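Chains as they are written, first to last, in the working numbering: chain A, 1 to 348; chain B, 1 to 348.
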């Protein structure tokens, strides 16, 4: 994968402000340069992408060529690329995941799920700060991660045809769509979708242009193993390009059916999930399979195979790490890496 | 209702930018002064409310005293107070509305709905431009309005106790939560809540501090008739302070159960709905009642009484007007006033 002329990696430096400061990062994630001279934040970049993107690409070229020196890039000092966003809409493109998880909460999977796009509106006002602990009040809620791919768009017109969507996908990142499994069943039976079952999500420190992925970005999908670790043990490494029933263009056209999407809209893929060669649910890492991108799937497979789930949900002190590596083994987006801790608060 | 010392009315002037320009408006909505010297936008004001609000109140005092002259305020040049927001979460606090509308789409109302808060995550990236037509592609979708009260918060900590919420309610406005009735049943049966059944919402041009409402703001509710008109005919005038099963403090504490709420979070009341004196559904305006805050309710009551609904959903060319008037008959928030038109588009 060579760097395309317009290939750029972007991140948001924590400078104490809510929206941080936009920086251009080298392909190998070792150096950074502020983009202040071009635009202050990633949201302002997306608001004027057509004019801003070429300037960011030029700056990236100069950084790689050594024409600007930059400073060392430290992932731990980054915020989410969009620390808060105007829209986070999460699809369920890997229907295999839905087929496994719904029965786990006593719900059925209608046949239409294989043809009819499913998407929920997520909260986007407070994404998690990278590397900071993910604090939640109670282990009893069933704390789980969901490893996904996400794309960020510019302005998408209402009613756009699927065939015209591709050019609106400006950036790609990974997301942990944190889920509280034991709160979700009661919430969904009320019929209004997720709310408190989906607390703040986390994103990789770096978002990249589709060009940056080279051939790993094709057919509206990101191809390659998506790695999830719990306490340094590999939990899953399914291929994000496999078993994705609906590609990102389809998901975005679905989201824009009755309204335009504002610049900076983040669209998630849903939990990445690969089937086994026989078409059934995939095997765990321990059993020699590709594992899973969330604990709920592993528990469901255990229930099918053993009659009971034995992998617990996350406990305080557990660490989740999510990343993707290129063919040479280098981290593409940097890593989501967070420990789950007990939240004590609720003050005024 | 005298003006409290910290009472302010705010609006966002359309200056061609996405977030517009914050202005302070007089109580009678006749004059305005830019707040640029204090902070550029309503979002930036909410981001630093503790320091910004006193300066806005001082500017408002000077505008009312004639110490600054200002310019004439024209509602038609305003955007939504937050033209785009980081969060729009809509409650269903008037359970009477839910009790009427759910059977209309073949769903039941669990008894728990009277005690268990219900809320959905709405899209907040593209609120409608005031006075511009509300363009939608197809009348067959069942285009309806929903008249609601909304509050805007500063940062609310995760897990906040209901008793501590009140001080986080910084502004109040009205909203038309546009609904596509014929898309919603199929969408909700999939279990992930609303998405394309809820296109972009519209807000009144003016948001006001709770102090500005005087005694009409009490018990975490806005009191007084909330007026909805279709083609200049009164459609509803229920009292927003009556039959609100969950007050705003309860709704906000619910929203913050598992995550903090970022500054600029908008929380909706759900469709305002009053029961009749006998406890049953209210009567239409034509029948001498207080009417309804959406067409779906009127259609449901018609179905109960006559065996069939005869009030159609909105058609292209229909106009919806929403406002609230104080005891003296003056408009409090200005008016949402929009014609529904056919959307032709979906380009690249």
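Using N, Cα and C, we set each Cβ at its ideal position, and we do this for glycine too.
It should be emphasised that the depicted structure is a prediction, and the values quoted were computed from it without experimental measurement.
Mapping DSSP to helix, strand and coil, what is residue i?
i             : result
residue 46/A  : helix
residue 96/A  : helix
residue 283/B : coil
residue 26/A  : coil
residue 58/B  : helix
residue 158/A : coil
residue 210/B : helix
residue 304/B : helix
residue 20/B  : coil
residue 331/B : strand
residue 140/B : helix
residue 38/A  : coil
residue 258/A : coil
residue 68/A  : coil
residue 201/B : coil
residue 110/B : coil
residue 4/A   : Model confidence at residue 4/A stands at a pLDDT of 48, short of 50, so the residue's coordinates are unreliable; what they give is reported in the following sentence. In this structure, residue 4/A counts as coil in the three-state DSSP scheme.
residue 222/A : strand
residue 128/A : coil
Let's see if you can read the secondary structure: which residues bound the alpha helix (DSSP H) around residue i?
i             : result
residue 185/A : 184-189
residue 250/B : 248-255
Give me the chain A residues within the contact set of residue i, using Cβ-Cβ distance strictly less than 8 Å, ordered along the chain.
i             : result
residue 121/B : 120, 121, 122, 123, 193, 194 and 195
residue 84/B  : 86 and 262
Name the chain A residues whose beta carbon is nearer than 7 Å to that of residue i?
i            : result
residue 47/B : 18
Just curious, the beta strand (DSSP E) that residue i is in, first and last residue?
i             : result
residue 323/A : 319-324
residue 90/B  : 87-91
residue 340/B : 336-342
residue 272/A : Counting along the chain, residue 272/A falls outside any beta strand (DSSP E), and DSSP gives it neither H nor E.
residue 153/B : 147-153
residue 231/A : Unbroken run through residue 231/A: none, as it is neither H nor E.
residue 174/B : 169-176
residue 119/B : 119-122
residue 9/B   : 9-13
residue 265/B : 265-268
Using CA coordinates, which residue listed in the options is at the minimum distance from residue i?
i             : options                       : result
residue 266/A : 211/A, 327/A and 86/A         : 86/A
residue 215/B : 241/B, 228/B, 198/B and 202/B : 241/B
residue 271/B : 94/B, 66/B and 43/B           : 94/B
residue 350/A : 319/A, 33/A, 82/A and 51/A    : Given a span of 1 to 348 for chain A in the structure shown, any question on residue 350/A remains unanswerable.
residue 101/A : 312/A, 71/A and 281/A         : 281/A
residue 52/A  : 173/A, 8/A and 200/A          : 8/A
residue 193/A : 228/B, 119/B and 126/B        : 119/B
residue 349/B : 135/A, 256/A and 61/A         : The structure shown does not extend to residue 349/B, since chain B is modelled only from 1 through 348, so no value can be given for it.
residue 291/A : 233/A, 46/A and 203/A         : 233/A
residue 278/B : 249/B, 300/B and 96/B         : 96/B
residue 23/A  : 33/A, 199/A, 14/A and 16/A    : 33/A
residue 245/A : 300/A, 25/A and 98/A          : 98/A
residue 171/A : 143/A, 161/A and 213/A        : 213/A
For chain B, find out if any of its Cβ atoms is closer than 8 Å to the Cβ of residue i; answer yes or no.
i             : result
residue 132/A : no
residue 200/A : yes
residue 185/A : no
residue 345/A : yes
residue 158/A : yes
residue 188/A : yes
residue 180/A : yes
residue 1/A   : Only weak support exists for where residue 1/A lies, its pLDDT of 35 falling under 50; the coordinates are left without a value.
Of all the CB atoms in chain A, is at least one closer than 8 Å to the CB of residue i?
i             : result
residue 375/B : Because residue 375/B is not part of the residues shown, which for chain B are 1 to 348, the question remains open.
residue 259/B : yes
residue 338/B : no
residue 79/B  : no
residue 225/B : no
residue 87/B  : yes
residue 251/B : no
residue 4/B   : In this prediction, residue 4/B has a pLDDT of 48, which is less than 50 and means its spatial position is unreliable; nothing more can be read from the coordinates.
residue 262/B : yes
residue 136/B : yes
Taking residue i as the query, report the chain B residues whose CB atoms sit under 7 Å from its CB, ordered along the chain.
i             : result
residue 265/A : 125
residue 107/A : 191
residue 21/A  : Those within 7 Å of residue 21/A in chain B number zero; the least Cβ separation is about 16 Å.
Under 7 Å from any heavy atom of the ligand NAD, does the C-beta of residue i make it?
i             : result
residue 230/B : The ligand NAD is absent from the structure shown, which contains no ligand whatsoever.
At a CB-CB cut-off below 8 Å, which residues of chain B make contact with residue i?
i             : result
residue 319/A : Neighbours of residue 319/A on chain B: none; closest Cβ ~20 Å, over 8 Å.
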